[in-house]
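Student: Chain order of the listed sequences is A and B.
When we follow the UniProt record's numbering, the leftmost residue of the first sequence carries the number 1, and every step to the right adds one.
When we follow the UniProt record's numbering, the leftmost residue of the second sequence carries the number 1, and every step to the right adds one.
Every residue gets a Cβ at the ideal spot worked out from N, C-alpha and C, and that includes glycine.
Shown below is the structure under consideration.
Protein chains: 2
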Amino acid sequence: MTGNDIPEGYDPKAFEPFAVTVDLAVFTVREAVLHVLLIRRGQAPYAGAWALPGGFVLPDESAERAALRELAEETGLSRERASGLHLEQLRTYSDPDRDPRMRVVSVAFAALVPDLPEPSGGGDAAEAQWVALDGSLRSPLAFDHGRILADARRRIGDKLEYTSLAMGFCPPEFTLGELQQVYETVWGVALDRPNFRRKVLATPGFVEPVGGAAQRRTGGRGKPAALYRAGRAVVLHPPLLRPVVDSAGDTSGEGA
Amino acid sequence: MTGNDIPEGYDPKAFEPFAVTVDLAVFTVREAVLHVLLIRRGQAPYAGAWALPGGFVLPDESAERAALRELAEETGLSRERASGLHLEQLRTYSDPDRDPRMRVVSVAFAALVPDLPEPSGGGDAAEAQWVALDGSLRSPLAFDHGRILADARRRIGDKLEYTSLAMGFCPPEFTLGELQQVYETVWGVALDRPNFRRKVLATPGFVEPVGGAAQRRTGGRGKPAALYRAGRAVVLHPPLLRPVVDSAGDTSGEGA
DNA sequence: ACAAAAGTGTTCCCCCTACACCCATGG
DNA sequence: CCATGGGTGTAGGGGGAACACTTTTGT
């Protein structure tokens, strides 16, 4: 609201103070498995449990800025490199008792990073780790972070259909095979390669070929793939619809 | 984050307190024009300007609860009736100087109401008014509310494509013509009636016919239309794609 | 020579678009 | 009986799914 309905003579400090934080669901794809960056909690509450990285919003920064700062800290990337990553606001979680200690309102963000050479980074954050989302994560996350993570994962999957989001998981130059890997990993389905290729190339400016192609990347055999980089178009039209999956797929490991 | 990265001996009160508020973009369709519920500001800053209704999040309620409370207050509806309305969180706006007086973080919501018999409601809120979004609104909104409104409007338009959102603008029982009106009004395009009908009926459980049909509603001539009500399905699949509009349409009136 | 991965071509079918056409009611 | 809005039918075209096929590399 910002300004109306303020009772006369209202004093903001009369209210119990709200702490405002950001929580980050940072995703990457490593070896065809979706991973999230998590932190093992040291103190109570939820000592020993996994939690999403995050931190307080400082008095002079927006939630977006705080999220970017935290992203850089937790991944060990420089501010410049981090600002090139995809980072988007998810939604805000504000249940009065989501933190037993005090009133904390948290603005959740989802971030996408390519497979980093270093596991996490030797910077400020000590214990951030990539955790696979393949069902092996059994213990519930701290606070309402399980829900946040599930929401973030769903949002990412949905946006793959009609945006260039998937390239956020890729290095600056990538093959169409790598891009398809991302889709298959996030969605947990197999896609037809010829059709995938056509759809991705159908939207002008979605990906653009880089001239000097065919550098050998994935150690292996087979015809060397052409390299592409992300184009200007951020919306994929027509969208790349996810095949309907009747029942299967492992959505486990997030029940918190 | 909720709990990690707290500096040792951290005292939350050492931080400048954040006020947390909700802002509501409440939409309705009246006479084939999209309207928003706005409030004329009395005091500075932005005295005399239009603003979105909203208010503080109280210490013991979530943002969702606060939004519902405000929605009921501003529309004059009972809490029960209001809770039947569509109300969804949009995103959070947290620029440090979005309010010149103090640090205010606002969680924005979008709400949809059917065309109410009463203009706004004789309840608590004095001056809430429906304002047409047809380009006649020239003055910029207070604070960053112009941006919030634009974001809300875009989100609503987008979600019409693949959800049952449009029925939020309709009374409990409605004709397919009325439903089509909603789409055409929000999107600002004309749709082919036979095809609209088929698409809406294609998803089982999206709308369901109510037995005793053909009540005369819109004073008028023509064959009486069958009545439908919202079904259980909330996703429209396949989606009802918005025709590509090359250039025209009035998106004005929101530049703030 | 064979496997593996990239890339191209082609067929079939479904759905969407566009209209034409009938039905029911009010004036 | 005509205007108006509700409802059904149908021909045609575009695009996606499925799959066959060629190309280029490593072993």
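Please report the distance separating the alpha-carbon of residue 92 of chain A from that of residue 108 of chain A.
Tutor: 6 Å
Student: Between residue 162 of chain A and residue 183 of chain A, what straight-line distance do the alpha-carbon atoms span, to the nearest angstrom?
Tutor: Whole-angstrom Cα-Cα distance: 12 Å.
Student: Which residues share a DSSP beta bridge with residue 197 of chain B?
Tutor: In DSSP, residue 197 of chain B forms no bridge with anything.
Student: Exposed or buried, residue 167 of chain A, counting other C-beta atoms within 10 Å across all chains shown (16 or more means buried)?
Tutor: A residue is called buried once 16 or more other Cβ atoms fall within 10 Å of its Cβ, and residue 167 of chain A is buried on that count.
Student: What does the alpha-carbon distance come out to for the pair residue 224 of chain A and residue 84 of chain A?
Tutor: 28 Å
Student: Does the count of Cβ pairs from the stretch 131 to 151 of chain B and the stretch 171 to 188 of chain B closer than 8 Å reach three?
Tutor: Taking a contact to require three or more Cβ pairs closer than 8 Å, the stretch 131 to 151 of chain B and the stretch 171 to 188 of chain B do not qualify as touching.
Student: Nearest-angstrom Cα distance between residue 35 of chain A and residue 27 of chain A?
Tutor: 6 Å
Student: Would residue 96 of chain A and residue 60 of chain B qualify as a contact pair, given that the criterion is a beta-carbon distance under 8 Å?
Tutor: yes
Student: When the Cα atoms are used, what is the spatial distance from residue 48 of chain B to residue 144 of chain B?
Tutor: 15 Å
Student: Report the residues of the stretch 22 to 33 of chain B with a CB closer than 7 Å to any CB of chain A, ordered along the chain.
Tutor: Taking 7 Å as the cut-off between beta carbons, the residues of the stretch 22 to 33 of chain B near chain A are 22 and 23, in sequence order.
Student: Pick helix, strand or coil for residue 42 of chain B, following the three-state DSSP scheme.
Tutor: coil
Student: Would you mind listing the alpha helix (DSSP H) stretches within the stretch 161 to 189 of chain A that are 4+ residues and don't spill past its ends, in chain order?
Tutor: The stretch 161 to 189 of chain A is shown to contain whole alpha helix (DSSP H) runs of 4 or more residues at 176 to 187, in chain order.
Student: State buried or exposed for residue 139 of chain A, treating a residue as buried only when at least 16 other CB atoms are found within 10 Å of its CB.
Tutor: exposed
Student: Can you list, in chain order, the residues of its chain with a C-beta nearer than 8 Å to that of residue 105 of chain A? Leave out the 5 residues immediately preceding and following it.
Tutor: 18, 19, 20, 21, 92, 93 and 94
Student: State the Cα-Cα distance for the pair residue 177 of chain A and residue 165 of chain A, rounded to the nearest angstrom.
Tutor: Residue 177 of chain A and residue 165 of chain A: Cα-Cα distance of roughly 16 Å.
Student: In chain order, what residues of the same chain lie with their CB nearer than 8 Å to the CB of residue 241 of chain B, ignoring the 5 residues before and after it?
Tutor: 161
Student: Chain B partners of residue 103 of chain A, CB-CB under 7 Å?
Tutor: 59
Student: So if DSSP puts residue 83 of chain B in a beta bridge, which residue, or which two residues, is it bridged to?
Tutor: In DSSP, residue 83 of chain B forms no bridge with anything.
Student: Under 7 Å Cβ-Cβ, which residues of chain A neighbour residue 92 of chain B?
Tutor: 63, 89, 92 and 107
Student: Output yes or no for whether 8 Å exceeds the beta carbon distance between residue 179 of chain A and residue 200 of chain A.
Tutor: yes
Student: Report the rounded CA-to-CA distance for residue 67 of chain B versus residue 209 of chain A, giving the unit in angstroms.
Tutor: Straight-line Cα distance between these residues: approximately 48 Å.
Student: Could you run through the stretch 229 to 243 of chain B and flag, in chain order, every residue whose CB is less than 7 Å away from some CB of chain A?
Tutor: Those residues of the stretch 229 to 243 of chain B that come within reach of chain A (Cβ to Cβ, closer than 7 Å) do not exist; the list is empty.
Student: Can you have a look at residue 146 of chain A and say buried or exposed, based on whether 16 or more other CB atoms are within 10 angstroms of its CB?
Tutor: buried
Student: Between the Cα of residue 51 of chain B and the Cα atoms of B/174, B/157, B/229 and B/137, which residue gives the shortest distance?
Tutor: In this structure, B/137 is the residue among B/174, B/157, B/229 and B/137 with its C-alpha nearest to the C-alpha of residue 51 of chain B.
Student: Please determine, among A/142, A/243, A/30 and A/111, the residue with the shortest C-alpha to C-alpha distance to residue 44 of chain A.
Tutor: With distances taken between Cα atoms, residue 44 of chain A lies closest to A/142.
Student: Looking at the unbroken alpha helix (DSSP H) that takes in residue 227 of chain B, where does it start and where does it end?
Tutor: First-last for residue 227 of chain B: 227 to 230, but that is the beta strand (DSSP E), not the alpha helix (DSSP H).
Student: Rounded to whole angstroms, what is the Cα-Cα separation between residue 264 of chain A and residue 110 of chain A?
Tutor: Not covered by the structure: residue 264 of chain A. The range shown for chain A is 1 to 256.
Student: Can you give me the Cβ contacts of residue 113 of chain A inside the same chain, cut-off strictly under 7 Å, excluding the 5 residues immediately before and after it?
Tutor: 26, 28, 75 and 85
Student: Under the three-state reduction of DSSP, which class applies to residue 21 of chain B: helix, strand or coil?
Tutor: strand
Student: When burial is assigned at 16 or more other CB atoms within 10 Å of the CB, is residue 32 of chain A buried or exposed?
Tutor: exposed
Student: Near residue 55 of chain B, what residues of its chain come up, given a Cβ to Cβ distance below 6 Å and the 5 sequence neighbours on each side ignored?
Tutor: 70
Student: Roughly how many angstroms separate the alpha carbons of residue 206 of chain B and residue 233 of chain B, rounded to a whole number?
Tutor: If I take the Cα positions, the gap works out to 5 Å.
Student: Note down, in chain order, every chain A residue with its Cβ under 9 Å from the Cβ of residue 206 of chain B.
Tutor: Neighbours of residue 206 of chain B on chain A: none; closest Cβ ~17 Å, over 9 Å.
Student: Check the Cβ of residue 151 of chain B against every Cβ in chain A and list those closer than 9 Å, keeping chain order.
Tutor: Simply none; closest approach about 11 Å.
Student: When you compare the CB positions of residue 153 of chain A and residue 90 of chain A, do they come within less than 8 Å of one another, or not?
Tutor: Remark: C-beta atoms of residue 153 of chain A and residue 90 of chain A do not approach each other more closely than 8 Å.
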